[in-house]
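In our numbering, the protein residues as written are 116 to 331.
Built from N, CA and C at the ideal position, the CB exists for glycine as well.
Computed from a predicted structure; not experimentally measured.
Below you'll find the structure, written out as structure tokens, and then a few comments.
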């Protein structure tokens, strides 16, 4: 995750020296993002008790379609967008009272959110923003195993949400670079265990993203 952070920083640093203010885009846009996702340690609960799950950081991919509000819009300065994102994190360890066991398989979340983003326009190419999003996520436990024994291979749909902060950098009147942080979470999904039981688990992740948006 640190390596991804420094790579994104290195790509953005030269832009600090770039020049004059560009006109603000209004209207529809498309965007694409890449980044890193760190899934927080999760707590699982079933009929037999609770256990912990630790996941490895991984890459994410995202696409958005949205609308930039015109200056002076009564809704406010900013944009609204529909965002699709895929996050897939490998299971590293499963923690029981008896000890820690090697994990295997992936936990994948495909989310579809509506984001409302407020943009603070400055007298430069840089525009900080904050945002909130809500929607749904299909969370899939793909061949999750602990110490080689099957744990779960099922999926669930859950209400999903996120908070965003970041900064836009205007490259041209239509093209913008977006560097941001997303906190993403969803209500605990319920999975079927291989032994016939079910378990719920937490899902919260920290995400760094770098993307491009093109306005029409």
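Given residue i as reference, the closest of the options once Cα atoms are compared
i	options	result
residue 298	153, 313, 144 and 149	153
residue 273	302, 180 and 165	302
residue 268	188, 257 and 143	257
residue 328	189, 294, 304 and 160	294
residue 202	286, 312 and 175	175
residue 172	189, 208, 142 and 147	208
residue 286	316, 239 and 319	239
residue 162	210, 325 and 310	310
residue 227	188, 169 and 248	248
residue 222	178, 254 and 143	254
residue 225	157, 251 and 142	251
residue 216	170, 306 and 331	170
residue 160	317, 283 and 189	317
residue 168	188, 189, 211 and 141	211
residue 262	214, 157, 326 and 158	214
residue 314	246, 204 and 164	164
residue 264	157, 279, 308 and 277	308
residue 277	321, 306, 312 and 288	321
Bridge partners - residue i, DSSP secondary structure assignment
i	result
residue 165	160
residue 143	182
residue 148	177 and 326
residue 308	267
residue 313	307
residue 292	284 and 327
residue 154	320
residue 193	233
residue 300	276 and 319
Same chain, Cβ closer than 7 Å to residue i, neighbours up to 5 away in sequence not counted
i	result
residue 139	186 and 236
residue 281	244, 293, 294, 295 and 296
Close-in-space but distant-in-sequence residues of the same chain around residue i (CB under 6 Å, 5 per side omitted)
i	result
residue 145	180 and 329
residue 266	259 and 260
residue 220	206, 257, 258, 259 and 260
residue 155	319
residue 304	254, 271 and 273
residue 178	147 and 199
residue 275	226, 250, 251, 252 and 301
residue 283	242, 291 and 293
residue 141	183 and 185
Residues near residue i by beta carbon distance below 8 Å, same chain, minus five either side
i	result
residue 120	Note on residue 120: pLDDT 46, under 50, position unreliable in the model; the coordinate value appears next. These residues qualify, in order along the chain: 151 and 323.
residue 191	184 and 233
Entirely enclosed beta strand (DSSP E) segments - the segment 196-274, minimum 3 residues: 214-234 and 241-261
Inter-stretch contact at 8 Å, needing at least 3 Cβ pairs: the segment 224-232 / the segment 188-202: yes
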